[in-house]
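Novice: Could you have a look at this structure, given as structure tokens, before my questions?
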Amino acid sequence: MNELVAMCDVEVAFLIFSQPKKPYTFAHPSMKEVADRLKNPSRQEPLEKDNTRPLVEAYKKQRFHDLIKKMEALEEELAMDLEKLKLLKESRNEKKLDKMWWNFPSEGLSVKELQERHQAMLELRDNLS
Numbered sequence: 001m002n003e004l005v006a007m008c009d010v011e012v013a014f015l016i017f018s019q020p021k022k023p024y025t026f027a028h029p030s031m032k033e034v035a036d037r038l039k040n041p042s043r044q045e046p047l048e049k050d051n052t053r054p055l056v057e058a059y060k061k062q063r064f065h066d067l068i069k070k071m072e073a074l075e076e077e078l079a080m081d082l083e084k085l086k087l088l089k090e091s092r093n094e095k096k097l098d099k100m101w102w103n104f105p106s107e108g109l110s111v112k113e114l115q116e117r118h119q120a121m122l123e124l125r126d127n128l129s
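Residue numbers for the sequence shown, in UniProt numbering: 1 to 129.
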């Protein structure tokens with residue numbers, strides 16, 4: 001009930017009857033004030049000035065600013081992670097290109113492997129032109 005009063009800035013009253021018809025009341029600020037409010041609904045302010053409203057508003061503002069800061073930090077972290085991912089992908093693509101057959105040195109290849117590489121280069125040239 002305290003959260004309902006604090007977050008919604010309302011006056012609340014509950015009247016509950018038990019099985020043996022015994023009444024129980026729960027109210028904020030009091031059952032009398034809530035009953036008076038029911039008798040005079042046009043009254044805007046509670047009879048006794050409640051000083052919790054500024055505290056609730058200050059809490060809401062602070063919570064909002066904290067959430068904004070957290071969101072900005074997460075956005076910044078996401079941007080950094082996306083940049084890292086981009087760099088990793090570029091690095092991986094470069095490593096793949098380094099492992100392509102035309103990037104391997106010709107030293108140490110047999111005559112047959114050199115002829116196959118020469119033929120592949122000719123086919124590549126023909127396909128590109």
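Cβ coordinates follow ideal geometry from the N, Cα and C atoms, glycine included.
From Val5, Pro54, Leu74, Ala58, pick the residue whose C-alpha is nearest to that of Ala27; which is it?
Specialist: Cα-wise, what sits closest to Ala27 is Val5.
Novice: Determine, using beta carbons only, whether Arg37 and Glu3 come nearer to each other than 8 Å.
Specialist: Not closer than 8 Å, so no.
Novice: Under a Cβ-count criterion, where at least 16 other Cβ atoms within 10 Å of its own Cβ denotes burial, should Val34 be classed as buried or exposed?
Specialist: Classification of Val34: buried, given that the 10 Å Cβ count is 16 or more.
Novice: Taking DSSP as the reference, what is the three-state secondary structure of Val5?
Specialist: Helix at Val5.
Novice: Taking 8 Å as the threshold (beta carbon to beta carbon), is Leu122 in contact with chain C?
Specialist: You won't find chain C in this structure, because it holds only one protein chain.
Novice: Over what stretch of residues does the beta strand (DSSP E) that includes Leu15 continue unbroken?
Specialist: 12-17 is the span of the beta strand (DSSP E), which, as asked, contains Leu15.
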